[in-house]
Every structure is written in structure tokens, then in C-alpha cells.
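See below for the structure under consideration.
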Amino acid sequence: MNRLTEKAYAKLNLTLDVLGKREDGYHELKMVMQSVSLCDYVTLNMTAEPGIRLSTEWGFLPTDGRNIAVIAANVFAQAADVNLSGLEIHLEKHIPVCAGTAGGSSDGAAVLRGLNRLCGTGFSLEELAKMGEQVGSDVPYCVLGGTKLAEGRGEVLTPLPALPDCFIVMCKPAFAVSTGELFHKVDAVKIRCRPNTAGVIQALERQDLGGVARQMYNVFADALPANRAAVVADIQNAMIQRGALGACLSGTGPTVFGIFEDEGLAKAAAAELKENYRETHLVRPV
Ligand code: C5P
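Listed below in C-alpha cells is the structure:
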């Protein structure tokens with residue numbers, strides 16, 4: 008086999024708390040992560056022509072060594088001590104970029120999983136997750152997916168009971184946020200409100216979808232500039248008014264998502280939000 012396609016799923020934060028700044032410049036985080044069915048397709052093709060080449064239809068993405076998929080391929084080659092010689096990576100993108108939903112990290116994770124299969128190197132997912140730490144903070148989670156508690160920089164992962172099946176509307180307003188800038192901002196503001204992470208975990212243990220949805224919270228909601236925060240709040244309110252059990256910001260944003268028990272209500276909410284926000288998707292937990 009010299010060619011395969013891996014799915015790279017988007018992630019959402021059911022909770023996100025920033026506990027403090029670390030000496031290495033990163034932040035100590037505590038978050039409940041969930042992967043969802045919206046995905047990129049990452050195709051890897053081993054060729055005779057030396058070098059790593061990346062292609063994607065989304066012309067604004069870097070295709071050189073700055074792309075996280077290329078970084079992941081280089082990290083894998085070094086860690087596994089294999090000569091990749093010629094590798095073509097094609098990204099069929101569906102996950103919005105700079106959206107707080109781990110599109111880039113998930114592509115990087117898919118490259119690690121895919122190369123492991125292509126090269127027959129037999130690493131476990133846990134070993135690949137460890138490799139992913141060198142690629143980016145969210146990459147270890149993206150290697151594993153599912154419902155997980157992520158701590159430390161994001162790399163200390165504990166499995167949680169799966170989110171009960173439901174319908175999730177994801178909606179990304181048409182602005183991008185800078186992750187680095189928002190982390191700076193969160194250092195400067197006094198965090199007034201924090202998620203009840205333990206409460207969300209207990210609700211997962213009870214398989215209480217409403218209990219999870221009602222307690223979702225992300226501290227970055229308070230660090231957004233006022234005009235952006237207003238757009239996020241409008242989307243959250245629209246979701247709740249249309250029957251969501253809860254709605255929350257994902258990652259450093261700006262994607263907002265709402266959890267619905269009822270498929271019809273979720274479809275109607277997605278259709279209505281799509282009129283104003285092109286990047287709206289109806290997804291399921293995976
Ligand atoms: O690890 P990654 O390259 O994805 O992180 C991007 C940026 O997000 C970092 O440069 C840092 O500013 C911020 N970050 C952080 N603490 C974390 C994860 C990310 O401060 N735990």
C-alpha cells in the first residue's frame with residue numbers, strides 16, 4: 008500500500024478553563040473535548056519523487072513547512088526513523104480555518120495516524136499522541152478523538168464517558184481570532200466566570216445530555232473584544248431560542264456550537280443561522 012485517506016475530525020470544547028501561565032510560556036488548561044463528524048480528508052501518497060509536497064483547494068493555506076500537516080510528517084519521519092523519500096499530502100478541507108475547532112491540529116494528527124499505517128511502523132495511538140506533542144498542543148487529543156478531559160498544555164488526556172448522541176449546530180462568524188493574542192488577553196483580564204468541569208464530567212457519567220449542555224462554558228468568551236463578544240452572544244441566543252439545550256464558544260473561537268436533542272429543531276436552527284453565517288454545519292458527536 009502506498010496511498011490512503013484518513014479522516015481528520017473537528018473538535019469542540021464542552022468546557023475550557025485557563026488555570027494559569029506556565030514558565031514555558033504556555034498556559035495550564037483544563038478542558039473537556041469532543042470530536043464531531045465534520046472532517047477534512049487527508050490523503051497521503053508515497054511517491055518516487057523525493058520531498059514532501061502538500062496540496063489543497065483552499066489557496067490561502069500555506070503549503071510549505073509552515074503547514075502543520077508537513078510539520079507532522081517531518082516529526083513522524085524523525086521519531087520513527089523512516090525515510091519518507093517522496094510524500095504527497097492532499098488536504099480536502101471542510102473544517103473552517105482559525106475557528107477554534109482544531110482543523111489544523113486534526114490534519115496533523117491524521118498525518119501521524121496515516122503514516123503509521125502506510126509505513127507499517129505499528130505505533131499505538133498513545134505513542135502517536137506523544138509524538139503529536141511536538142506538532143501542537145491540541146494534536147495529542149486529535150490523534151485519539153472522542154470525549155476526553157485534557158489538562159496540562161492539552162496533552163494530558165483522560166478518557167471520559169462518551170457524550171450521549173445528539174445533534175450539534177456549529178456556526179463560525181466571518182472573523183478570525185488570533186490564538187496567541189487571546190491567550191495574552193486572558194492573562195490581563197480577571198477571569199470572572201469559570202466552567203464547572205467536575206459538574207460536566209458528572210453529567211457525562213449520568214449520560215445527562217441536558218446537564219452537560221447547560222453547564223458548558225469557555226473562559227475565552229470573556230476575553231473577546233466587545234464587538235466580537237456581541238456576535239458570539241447573538242449566535243448563542245439564537246441557538247437557545249431555537250431549542251438548543253446549551254450553546255458555547257469553542258477553543259479560542261470564534262466558532263459557537265449548540266447542542267440539540269431534537270433533529271428537527273437542530274436542522275431548522277442550522278438552516279436559519281446559515282442565512283447569515285455561511286460556515287454553519289449540522290454535525291454529530293464521533
Ligand atoms: O501548541 P500550539 O502551537 O498549537 O499553540 C499555539 C499558541 O497558543 C502558543 O504559541 C501559545 O501562545 C498558545 N497556547 C498556550 N497554552 C497552551 C496552548 C497554546 O498559551 N496550553
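For the sequence shown, the positions run 8 to 293 when the working numbering is used.
Just so you know, even glycine gets a beta-carbon here, dropped at the ideal spot from N, CA and C.
Check: Closer than 7 Å to a non-hydrogen atom of ligand 1 - does that hold for the CB of Asp145?; Outcome: yes
Check: For a test of your reading of the model: does the CB of Thr128 fall under 7 Å from any non-hydrogen atom of ligand 1? Yes or no.; Outcome: no
Check: If we ignore side chains and look at the alpha-carbon of each, how far apart do Ala273 and Thr22 end up?; Outcome: 21 Å
Check: What do you reckon, is the C-beta of Thr22 under 7 Å from a heavy atom of ligand 1?; Outcome: no
Check: Take Ala181 and list the residues in its own chain whose beta-carbon comes closer than 8 Å to its own, dropping the five residues that flank it on each side.; Outcome: Tyr284, Arg285 and Glu286
Check: With H, G and I counted as helix, E and B as strand and the rest as coil, what does DSSP make of Glu35?; Outcome: strand
Check: Under three-state DSSP, which class holds Ala273?; Outcome: helix
Check: So is the beta-carbon of Arg160 under 7 Å away from any non-hydrogen atom of ligand 1?; Outcome: yes
Check: Could you tell me the alpha carbon to alpha carbon distance between Leu156 and Asp215, rounded to whole angstroms?; Outcome: 17 Å
Check: In terms of alpha-carbon separation, which member of Gly129, Met8, Val142 and Trp65 lies closest to Leu98?; Outcome: Trp65
Check: On the DSSP letters alone, give me the boundaries of the alpha helix (DSSP H) that Thr204 sits inside.; Outcome: Thr204 to Glu212
Check: Roughly how many whole angstroms lie between the Cα atoms of Asp269 and Cys173?; Outcome: 8 Å
Check: State the Cα-Cα distance for the pair Pro168 and Thr262, rounded to the nearest angstrom.; Outcome: 24 Å
Check: Measuring only the C-alpha atoms, how far is Leu36 from Gly161?; Outcome: 6 Å
Check: Measure from the alpha carbon of Asp241 to the alpha carbon of each residue in Asn225, Leu252 and Cys178, then state which is nearest.; Outcome: Cys178
Check: Does the distance between the C-beta of Phe227 and the nearest non-hydrogen atom of ligand 1 fall short of 7 Å?; Outcome: no
Check: Mind checking which residues open and close the beta strand (DSSP E) that includes Tyr16?; Outcome: Arg10 to Lys28
Check: From Glu158 to Glu30, what does the alpha carbon distance come to, in whole angstroms?; Outcome: 16 Å
Check: When you compare the CB positions of Leu280 and Ala254, do they come within less than 8 Å of one another, or not?; Outcome: no
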